[in-house]
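Okay, structure first, notes after.
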Amino acid sequence: MIKITKRLSVLICSIILVAVSSVTFFAQSTYVLADDASIFSQQETTTLSELMQSIGEETGWQIIVHTSNDNISSDNMETYYNNTYYDGQDFEYDSVMLVIDNASNNRIILTHGTAMEYFDDDRMTEIKSRMKPYLSQGDMYNATLEFLNTTEEFYSNGITEDGSYDNVTINENYEKQKNPLLYTLSHYGVIIGVVAVIAGGVSVLIVYLRYKDNGKKGTYDLNANSVVNITDSHDEFLNKTVTVRTDPPPSSDSGSSSSGCGGGSSHGSSGSF
């Protein structure tokens, strides 16, 4: 009975913690709606949250809408967002992010991870053009709806062939940590290939020079330089028992752990549009 009570207590505490964290800024694995500037009404917040969750589940990206009065620019936006909602840990999700900052009048769209491929420069221009009429009227709700619907449309239409991505920022430390082998091959593959070819060529040359005479040069003529005398002999084996004890190595209770984080590549557009 005591064990059951303890389990129920743990379960109830977990439910309360989840409920409190979700109320703070409507964070789910598929979306984050952080209306710090109080732009949206309760009904608008509900509608946006449902749409963002649906798009997030469909695309596999985290859909983010963040409103602010903190004078956020494209230069400090990611740092501000990470410090505010991720305790200083860099943001690593495959994501699409819209930031509306009333203080600076900045409207920032940023993509991370696999979502970058769906938002080339032409599509960035297109989504801004679709949002601009609503933004110019101060209708942030419908501008956000347009952003979300266009994001879903871009995903449904697939990756643009031969798209350009001029406004791309790459964090090499993150790429190195996420996939060290891929990072090494992509950055140093040519050098590694050249070194491997040279090393292989030298090895082949050495083997060739050493065995070009089929092993006959410099060999010892056994027939001309040795005498073999065969006499009667026998070996005698005596019974003998040998006991061997191997002491086990000393035990060790050591262990190790590691952790790391880093912001990945991003593609975005910003400014008042």
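Per my numbering, the very first residue in the sequence shown carries number 52; after that it's consecutive. Here a beta-carbon is modelled for each residue, glycine too, at the ideal position from N, C-alpha and C.
Residue i - partner residues in DSSP beta bridges
i	result
residue 157	152
residue 116	84 and 149
Status (buried if at least 16 other CB within 10 Å, exposed otherwise) for residue i
i	result
residue 245	exposed
residue 159	buried
residue 109	exposed
residue 118	buried
residue 157	buried
residue 217	exposed
residue 256	exposed
residue 173	exposed
residue 171	buried
residue 247	exposed
residue 213	exposed
residue 194	buried
residue 123	buried
residue 90	buried
residue 178	buried
residue 57	With a pLDDT of only 48 at residue 57, under the threshold of 50, the placement of this residue in the model should not be trusted; the figure read from the coordinates follows. When all chains shown are included, residue 57 counts as exposed.
Run of the beta strand (DSSP E) containing residue i, from where it starts to where it stops
i	result
residue 82	82-86
Simplified DSSP state of residue i, which is helix, strand or coil
i	result
residue 123	coil
residue 105	helix
residue 111	coil
residue 214	coil
residue 90	coil
Residue from the options with nearest C-alpha to residue i
i	options	result
residue 88	116, 249 and 178	116
residue 185	177, 196, 176 and 175	196
residue 190	208, 209 and 151	151
residue 101	163, 200, 179 and 171	200
residue 120	107, 154 and 96	154
residue 114	177, 251 and 81	81
residue 104	92, 123 and 84	84
residue 99	198, 249 and 210	198
residue 106	247, 147 and 183	147
residue 202	161, 251, 187 and 144	161
residue 165	122, 178 and 205	205
residue 94	243, 192 and 215	192
residue 215	250, 188, 253 and 176	176
residue 211	169, 92 and 187	169
residue 149	86, 92 and 242	86
residue 112	92, 145 and 97	145
residue 209	183, 180, 182 and 167	167
Where the alpha helix (DSSP H) through residue i begins and ends
i	result
residue 178	172-187
residue 205	191-208
Closer than 7 Å: residue i CB and nearest the ligand ZN heavy atom
i	result
residue 242	Among the ligands in the structure shown, none appear at all, so the ligand ZN cannot be discussed.
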